[in-house]
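Chemist:
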Amino acid sequence: MFYREAGQFKVSYAADQAIFPIRQDQIGMAMILAVAYVVMPVAGSEYWLETIMIPFLVFSLAAIGLNILTGYAGQLSLGTGAFMACGAFAAYKLTTAFPDLNIIVALLLSGVAAAAVGIVFGLPSLRIKGFYLAVATLAAQFFLIWLFAKVPWFTNYSASGVISAPPRAVVGELYVTGVHATPQARYLFCLTLVAVLALLAKNMVRSSIGRQWMAIRDMDIAAEIIGIRPLRTKLSAFAISSFYCGVAGALWAFFYTGTVEPGAFDINRSFQILYMIIIGGLGSILGAFLGAGFIVLLPIVLSRLPLMLGLPISTATISHIEVMVFGTLIVFFLIVEPHGLARLWRIFKEKLRLWPFPY
Amino acid sequence: MEGFLSDIFIAPFVSMWEYPVFLVEVLVGGLLVGVMYSLVALGFVLIFKASGVFNFAQGAMVLFAALFFAGFLEAGMPVWLALGASAVVMVALAIVTERVVLRPLVNQPPIVLFMATIGLTFFLDGFGQMIWGSDIKVIDIGIPKEPLEIHGVLINSFDIVAGVTAGLLVAGLALFFHYTKIGRALRAVADDHQAALSVGIPLQSIWVIVWSVAGLVALVAGIMWGSSLGVQFSLALVALKALPVLILGGFTSIPGAIVGGLIIGASEKIGEVYWGPALGGAIEDWHAYMIAMVFLLFRPQGLFGEKIIERV
Amino acid sequence: MSRQAVAVAPDLVATTGGEILDTFPKLLVHHAAVRGHRTAIREKEWGIWQAWTWAQVRDEVRWLACGLADLGFRRCDKLALIGDNRPRLYWGITAAQALGAVPVPMYQDAVADEMAFVLDHAEVRFAIAEDQEQVDKLLLVKDRVPKLEWIIFDDPRGMRKYRHPALIAVDEVRARGQAFARANPGFFEGELAAGKGSDTSIILYTSGTTGQPKGVMLSYDNVRITAANAVERDGLNDSDEVLAYLPMAWVGDHVFSYAQAYAAGFAINCPESGATVMTDLRELGPTYFFAPPRIYENLLTTVMIRMEDAAWIKRKMFHYFMEVARRVGLRILDGETVSWQERLLYGLGRLLVYEPLKNTLGFSRIRVAYTAGEAIGPDIFRFFRSLGMNVKQLYGMTETAVLVVMQKNGEVRPDTVGTPCKDVEVRITETGEVQFRCPGVFQAYFKNPEATQSAKTEDGWFLTGDAGYFDDDGDLKIIDRAKDVGRLNDGAMFAPKYLENKLKFFPFIKEAVTFGDGRDHVAAFINIDLTAVGNWAERRNLAYSGYTDLARRQEVYDLIQKNVEQVNRDLAADRHLSGSQIKRFLILHKELDPDDGELTRTRKVRRRFIAERYADLIEALYTGQSNCQVDAEVTFEDGRKGRIHADLELRDAAVVEVANRDPGRLRKAG
Amino acid sequence: MAALDQAETPDADTREIGDVLLRVDRISLYFGGVRALNNISFEVREHEILAIIGPNGAGKSSMLNVINGFYHPQEGTITYRGKTRSRMRPYQAAAQGIARTFQNIALFKGMSTLDNIMTGRLLKMHQPFWMQALYWGPAQREEIEHRKFCEEIIDFLEIQHIRKTPVGRLPYGLQKRVELGRALAAQPTLLLLDEPMAGMNVEEKEDMCRFILDINEEFGTTIALIEHDMGVVMDISDRVVVLDYGRKLADGPPDSVRSDPAVVSAYLGVGHD
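Sequences listed follow chains U, R, S and B, in order.
Positions 1 to 359 (my numbering) are the ones given, in order, by the first sequence.
Positions 1001 to 1312 (my numbering) are the ones given, in order, by the second sequence.
Positions 2001 to 2670 (my numbering) are the ones given, in order, by the third sequence.
Positions 3001 to 3273 (my numbering) are the ones given, in order, by the fourth sequence.
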């Protein structure tokens, strides 16, 4: 309905291959960015920024990471939490060992550390597939979390086994982590990093490497026969996916909670990210954001609903009901649209583009 | 560092050599725990074999069954009635699951069904605890817990009962699969859905039956685990222990689930007792997975799984 | 892209810096100098719109022209161009003109025999063919046209094995041209300067309704001045975009896509293929558009069919707002006063229906659109105008370079064709024939002095052969070919085409042929529209096996009878034509087909041919039989011939009695 | 695509069939106890169209699988471009210029036609992943350059209208065409086609035949194909190898194979086609 595509013809491949080839989409994206960069920091409350927006961004990044591995390359992983933990602890070790290291560099390096670990745990993917692989990634999940909990070196021998983000600035006195950092600064930093990394991810999935991943996902034998090297491709997916999860983990520890223990990245975290990409849509960068938004907002809505409706229910019961409803919703979603919110959006957009015609 | 290496590579073996009776005790204890793993893994295998669904909710079903059983006991039911009532609950659960979750998702890719069972897990956890509360419940059905000494080896009599029960269950299932019409049909489904349809059994009924059987297995496992650990949320996590068993045994092999369970149980106990202290403890969380993963690299289809021949 | 619009005054087009821009090649060089970086032409190819600027086009044309010269092409030689709308074919036209030679574009769907006639008659020496298909046809007839020396082909696909000595790739010609241009600096410019406005710029063969095609010779002045006047009238400029999709051999394309593009400096855009025209139209979103009525008609039909499948609520909304548009859309477009409530409602309609609808059709950016060639159905015309799309009618023909009578903004009626353009004189003779004297009147028919003489007077009046009159608003109304206007035996005027058009305005009727001159009453042949009637039949669960089967159904006859009777009611209201109501009709057993010679290539009915061919059927219509056997020869798609046998039903239609009847004398306009 | 070069071959009606490109020498392949191929030998010459025919289960597909490295024969050798190959993976065969299509279409269902063909271009794309992530400069240029190439294939196979359609939604005949496009994208030296015309109607078969001949003619690609339709095989191939239950029955030009008594009794005689 709002689309006016007549006249938006492409005279170059660059324009034809743009991420948002339609002008109305470009405008929409610009508006979203404007809201995210201007309206949110100005109008959003601290609560809103700290408990909704920052976790939303962090989860989105992790979901992009998992989506690269599972949605694009077709390798089911249940070890996302562990890769996030790698990033978190690497960032902690890096920032404490090299206090002068710029926070951006530290974050990216911690992503690299997670990527290295990802490669190691991705090695079995050459031999094993599907659920066997999923179970194998659980090995990473349990082993790594155990490792971070048991080896005091990772926490700089802290007695509590908890790490806290040291105060760090991007430039000068502009603190983005630690006690001095305002929620706005932390939010904007996360936003920028996530936006840039999301763009890079989008670029990868629409390039040769992304097509290799999808080829392996859709039909690995055919992929190999046209010249794709399975191990290298799968490992690249593991590495890049783990990089994203690692950075997300570091953001989690440094920008969201501030302090973190290995338990924060347990198997439930892995499942949580997996829901995001399933509900958001496998094989879609947009889906990662939609799924993260959904999973972040859902518990908040669920936990407030009885209060808002004035139902006299004990908090314990509420938490049980919450879990139940959550499970039901997942099943409901899978039945209604197994391809997730991203597919729903695509269908909706297609309708808008063809409006008023049905096809 | 040297001490650490010695703790890993020398001390455990020395200790095994020096105290063989203790080693046997540990081993037997591990094997008996392994039997319990097998019970849970069995539920997985049944469902995966018949419907190709990777049922993550098996652990939740164990908790769910145990909660109901313990709840019925607390409500004053006699053991046999509580057992019957819980069985009815599990069959009802199978029917509802098939109708509400599986049927609408038929023909969806495996990962979607897998996700649906995770949804089911959440539902069962929430629902069970909403009804029965989240306090720890005790199941006491009169199984003796005194240690027994056989040839100088101390064994918990409860473990023996559990082992025997599991063994009987497995034997029963094996008989069921081999000698009943339904059992044969189930095996046919596992091999080929089309073939199953030609036998004349609707897929839906087969799914209900197999989920019911898996539910009953979960009930038995729940009673066993519940008696030994108490009924609480952590029971659901037993499922995570069953996963390496599956890898080891193969997703589709009943004997694989048994043998895999025994191996995992035994090695876990031995690892915990002999290597745990050196590594800082709590290694049972992951070391079963590590064993399974290393194993997978050499035999991707598991111990008893069918060899995968790739076709073009 | 910069959208800086440069309004083009006619004097700029005519001269710049003392240099007279009286030919298209000179205009090309001028545009290359003035707007060298603006896009001159695009082609949808390999997934995107490949674009060439005016400067690039100048170079391409120069190389092509030099290449042709290198091959021995000389002043006054003829260059045939055969194929879909392709940049290289358009360049070929200008290249030929640059050398003072005459381009002869030909219909790409013509069969080899038809081609042979034109090639031979026009004395074509060189031909540029688009692809293998056209080359094959040319090679087939090459022996019969000894003057044809070179066949230049654009797309080499599939011709790797071709070894004919007359074949040469256009790329090779271009390469030779580059070398030639280097060796002969100033050659191109010299040739350019030798051209003048009174030279013949093009020969367009009209597939006349009778006899062999005639080659209409138009001078540069004919085409250029006419085009420039029209550009001025509609305020076109170099930011406009036009889709070049009509046959290049048709004057419509030559004027709208070629001459006006040169006159105004706007870009023309070639679709990817015939099959993708609609998609390409949507992508491109032209600002200036020209289409014969049947294209508007097809678009409307698709719109309606697609909307039928929409959800109930969407359909309701669509029909509601189309009703609003019918009420106020035309008035708003014509600048009349409309209440603010109605304006608001129309605005809502724009948001919800009109703009999205135009967008999906590719008409979002249309500033001016035209239709011509035939009468357009009033419903179709109103539909597009009520959406806020400025569709207008014009009247003209190949012999006048088309643009002679056009509707002005705000003065648009569905049944008239508008007022004369600048420099156009119009007179209407005693017999009702419309005649023109204007800059566009052609030079002559090529090698056909008799025809020229009968079409053009000594003092430059062109005899259109059309009957028409000026209505009270001063708008020209055309009713039929003057020679076709006849009398029934009771003296009532009979304008067959007018009746046929009225019939064809019904969606279920695709073609109609009426008879009545020298008869007691009017009778009609009907061709049903297979898509529309087929859809209608499907909705009624009426199974049918094809056209012939559907056409003989009683239900279909009933449906068509209602339409015929509606026409009769309309005619009864017209004092000129109330006597020529249709008394009997039949539905033909086959679709009229250009391949059988029943229609022209531009799908005009060849009435006389049909009358001869189906004499039995006509007799049956007038002898009161209720059935008639037919046995006719048809040509299939692949060129094979076959025979069809059918038993046709003949029907009576109710007529409205009119008490007072004007004998139907055409008024002479003042 | 390939520039028209009139001077290349003086004689317009024959293609130059060149040296031996691939030699299959005494190949035997077993699955468990089943012998799929039994001591098969034949050659594929440069620029020729070779058809491998035989009844179902004759080992035709196994033969292709051996050639492109998917199956490893227990006995015998394969010599490609004069080099006897050791055990290799399919992607190595691809890197040497062997491309193929499958009997049961093996497209990447989640991708569009264009992306499928672009994937076939992969071996020619060399930008590192981080350049691709930036999608800047050389990486974007590379994408565009290969897009152009793929557009030419799309044009060649006349599938412009489905360029951006996900292949899962396409009808069977078009999917086959896209798969051929993906194989072509690699600019293979040797193209293996596994029943390229299976399940097609007459018109689609004619189109496919024309494409196969055009590919062979325009790019000089050597083609080895498996086909059931005898009419097609006899029409387009230069040479025919007949397999029957893992054995080779005959090997020669279509005409001589057609009249070979062993072939007639084993295959043609049983009313095939």
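We treat Cβ as the ideally placed atom computed from N, Cα and C, and that holds for glycine.
Should residue 1277/R go down as buried or exposed, given a rule of 16 or more other Cβ atoms within 10 Å for buried?
Modeler: On the second sequence, position 277 is the one that residue 1277/R refers to. Counting Cβ neighbours within 10 Å, residue 1277/R comes out exposed, since fewer than 16 surround it.
Chemist: In the DSSP assignment, find the alpha helix (DSSP H) that holds residue 2237/S and state where it starts and stops.
Modeler: On the third sequence, position 237 is the one that residue 2237/S refers to. Per DSSP, residue 2237/S belongs to no alpha helix (DSSP H) and is neither H nor E.
Chemist: Mapping the DSSP letters down to three states, classify residue 2629/S as helix, strand or coil.
Modeler: The residue you call residue 2629/S lines up with position 629 of the third sequence. Three-state result, residue 2629/S: strand.
Chemist: Taking 9 Å as the cut-off, decide whether the C-beta atoms of residue 1129/R and residue 1067/R are in contact.
Modeler: Here the question's residue 1129/R lines up with position 129 in the second sequence. Here the question's residue 1067/R lines up with position 67 in the second sequence. Yes, Cβ-Cβ distance for residue 1129/R and residue 1067/R is below 9 Å.
Chemist: What residues match up with residue 2656/S in a beta bridge as DSSP calls it?
Modeler: Locating residue 2656/S in the third sequence gives position 656, counting from the first residue. DSSP, once it has assigned bridges, lists no residue as partnering residue 2656/S.
Chemist: For a contact meaning CB atoms closer than 7 Å, what does residue 3160/B contact in chain D?
Modeler: Absent here is chain D; the protein component of the structure consists of chains U, R, S and B.
Chemist: Starting from residue 3070/B, find everything on chain U with Cβ-Cβ shorter than 9 Å and list it in chain order.
Modeler: The residue you call residue 3070/B lines up with position 70 of the fourth sequence. The answer, in chain order, is 221, 224 and 225.
Chemist: Give the straight-line distance between the Cα atoms of residue 1210/R and residue 3211/B, rounded to the nearest whole angstrom.
Modeler: If you number the second sequence from 1, residue 1210/R lands on position 210. If you number the fourth sequence from 1, residue 3211/B lands on position 211. When rounded, the distance between both Cα atoms is 52 Å.
Chemist: Rounded to the nearest angstrom, what separates residue 1139/R and residue 1222/R at their Cα positions?
Modeler: What you label residue 1139/R is simply residue 139 of the second sequence in a count that begins at 1. What you label residue 1222/R is simply residue 222 of the second sequence in a count that begins at 1. Computed Cα separation, rounded: 10 Å.
Chemist: Can you list the residues of chain U that residue 1112/R reaches, using a CB-CB cut of under 8 Å?
Modeler: What you label residue 1112/R is simply residue 112 of the second sequence in a count that begins at 1. Within 8 Å Cβ-Cβ: 278, 334 and 338.
Chemist: Along chain S, which residues have their Cβ under 8 Å away from the Cβ of residue 132/U?
Modeler: Within the first sequence, residue 132/U is the residue found at index 132, counting from 1. In chain order: nothing, as chain S lies at least about 41 Å away.
Chemist: Leaving aside the five residues before and after residue 1116/R along the sequence, list all residues of the same chain whose C-beta is less than 7 Å from its C-beta, in chain order.
Modeler: Translated into positions along the second sequence, residue 1116/R becomes position 116. Taken in chain order, the residues that qualify are 1101 and 1105.
Chemist: Would residue 200/U count as contacting chain B if we go by Cβ distances under 9 Å?
Modeler: By one-based count along the first sequence, residue 200/U stands at place 200. So yes, residue 200/U belongs to the interface.
Chemist: Using alpha carbons as the reference points, say which of 3067/B, 3172/B and 3238/B lies closest to residue 3275/B.
Modeler: The requested residue 3275/B is not part of the displayed model; chain B covers only 3001 to 3273.
Chemist: Can you tell which of 1016/R, 1118/R, 1227/R and 1290/R has its C-alpha closest to the C-alpha of residue 1157/R?
Modeler: Position 157 of the second sequence, counted from the start, is the residue given in the question as residue 1157/R. Out of 1016/R, 1118/R, 1227/R and 1290/R, 1227/R has the C-alpha closest to the C-alpha of residue 1157/R.
Chemist: Interface residues of chain U around residue 2048/S at Cβ under 9 Å?
Modeler: The count along the third sequence starts at 1 and reaches residue 2048/S at position 48. Result: 9, 10, 11, 12, 13, 15 and 16.
Chemist: Less than 9 Å between the beta carbons of residue 2303/S and residue 2361/S, yes or no?
Modeler: Looking up residue 2303/S in the third sequence gives position 303. Looking up residue 2361/S in the third sequence gives position 361. Yes. Within cutoff.
Chemist: Short check: CB of residue 2509/S to CB of residue 2557/S, under 9 Å?
Modeler: Taking the first residue of the third sequence as position 1, residue 2509/S is located at position 509. Taking the first residue of the third sequence as position 1, residue 2557/S is located at position 557. Not in contact: residue 2509/S and residue 2557/S (Cβ atoms no closer than 9 Å).
Chemist: With 16 other CB atoms within 10 Å as the buried threshold, where does residue 2076/S fall?
Modeler: If you number the third sequence from 1, residue 2076/S lands on position 76. Per the 10 Å Cβ criterion, exposed.
Chemist: Who are the near neighbours of residue 3018/B in its chain, counting only those whose CB is closer than 7 Å to its CB and skipping five residues on each side?
Modeler: Here residue 3018/B refers to the residue found at position 18 of the fourth sequence. So the qualifying residues of the chain are 3045, 3046 and 3047.
Chemist: Is the CB-CB distance between residue 2358/S and residue 2322/S below 9 Å?
Modeler: Taking the third sequence and counting its residues from 1, one reaches residue 2358/S at position 358. Taking the third sequence and counting its residues from 1, one reaches residue 2322/S at position 322. Against a cut-off of 9 Å, the Cβ pair of residue 2322/S and residue 2358/S comes out as no contact.
Chemist: Can you look up residue 2667/S in the DSSP assignment and give me helix, strand or coil?
Modeler: In the third sequence, the residue the question calls residue 2667/S occupies position 667. With a pLDDT of 38 at residue 2667/S, under the threshold of 50, the modelled position of this residue cannot be trusted; read the value that follows with caution. It is coil, neither helix nor strand.
Chemist: If we require 4 or more residues per run, which alpha helix (DSSP H) segments fall completely within the region 1177-1251 of chain R?
Modeler: Those alpha helix (DSSP H) runs which fall completely within the region 1177-1251 of chain R and span 4+ residues are 1181-1191, 1193-1199, 1203-1229 and 1238-1249.
Chemist: Just to check my reading of the structure: residue 2464/S and residue 2206/S have Cβ atoms closer than 8 Å, yes? What is that Cβ distance to the nearest angstrom?
Modeler: As a position in the third sequence, residue 2464/S is number 464, starting the count at 1. As a position in the third sequence, residue 2206/S is number 206, starting the count at 1. Between residue 2206/S and residue 2464/S the Cβ distance is about 13 Å, and since that is not below 8 Å, they are no contact.
Chemist: Which first and last residues belong to the alpha helix (DSSP H) in which residue 346/U is found?
Modeler: If you number the first sequence from 1, residue 346/U lands on position 346. From DSSP, the alpha helix (DSSP H) with residue 346/U extends over 340-354.
Chemist: Relative to the alpha-carbon of residue 2217/S, which residue among 2067/S, 2444/S and 2052/S has its alpha-carbon at the smallest distance?
Modeler: For the purposes of this step, residue 2217/S is taken as residue 217 along the third sequence, with counting starting at 1. Comparing Cα-Cα distances from residue 2217/S to each of 2067/S, 2444/S and 2052/S, the minimum goes to 2444/S.
Chemist: Return the chain-ordered ranges of every alpha helix (DSSP H) run that is complete within the region 1042-1107 of chain R and spans a minimum of 4 residues.
Modeler: If we require 4 residues or more, the alpha helix (DSSP H) runs fully inside the region 1042-1107 of chain R come out as 1058-1074 and 1079-1097.
Chemist: Which of helix, strand or coil does DSSP assign to residue 12/U?
Modeler: Counting from 1 along the first sequence, the entry for residue 12/U is found at position 12. Correct three-state label for residue 12/U: coil.
Chemist: Would you say the region 2026-2039 of chain S touches the region 2056-2072 of chain S, given that touching needs at least three Cβ pairs under 8 Å?
Modeler: The region 2026-2039 of chain S vs the region 2056-2072 of chain S: in contact.
Chemist: If you check the beta carbons only, do residue 2041/S and residue 2083/S fall under 9 Å apart?
Modeler: Looking up residue 2041/S in the third sequence gives position 41. Looking up residue 2083/S in the third sequence gives position 83. Result no, Cβ atoms of residue 2041/S and residue 2083/S do not sit closer than 9 Å.
Chemist: For the putative contact between residue 3105/B and residue 3075/B, defined by C-beta atoms under 8 Å, what is the C-beta separation to the nearest angstrom?
Modeler: Start at 1 with the first residue of the fourth sequence, and residue 3105/B comes out as number 105. Start at 1 with the first residue of the fourth sequence, and residue 3075/B comes out as number 75. Not really, about 32 Å apart at Cβ, beyond 8 Å.
Chemist: In this structure, does DSSP put residue 1131/R in helix, strand or coil?
Modeler: Mapped onto the second sequence, residue 1131/R falls at position 131. In this structure, residue 1131/R counts as helix in the three-state DSSP scheme.
Chemist: Take the Cβ of residue 241/U as the centre, count every other Cβ of all protein chains shown within 10 Å, and call the residue buried at 16 or more, exposed below.
Modeler: Your numbering for residue 241/U matches position 241 in the first sequence. The residue in question, residue 241/U, is buried, as its Cβ has 16 or more Cβ neighbours within 10 Å.
Chemist: On the criterion of 16 or more Cβ atoms from any shown chain inside 10 Å, does residue 156/U qualify as buried, or is it exposed?
Modeler: As a position in the first sequence, residue 156/U is number 156, starting the count at 1. By the neighbour-count rule (16 or more Cβ atoms within 10 Å), residue 156/U is not buried but exposed.
Chemist: Beta-carbon within less than 6 Å of residue 1079/R's beta-carbon, same chain only, minus the 5 sequence neighbours each way: which residues are those?
Modeler: Counting from one through the second sequence, the residue named residue 1079/R turns up at place 79. Contacts found: 1141.
Chemist: May I have the straight-line CA-CA distance separating residue 2677/S from residue 2487/S, to the nearest angstrom?
Modeler: A question about residue 2677/S goes unanswered here, because the residues of chain S that appear run from 2001 up to 2670.
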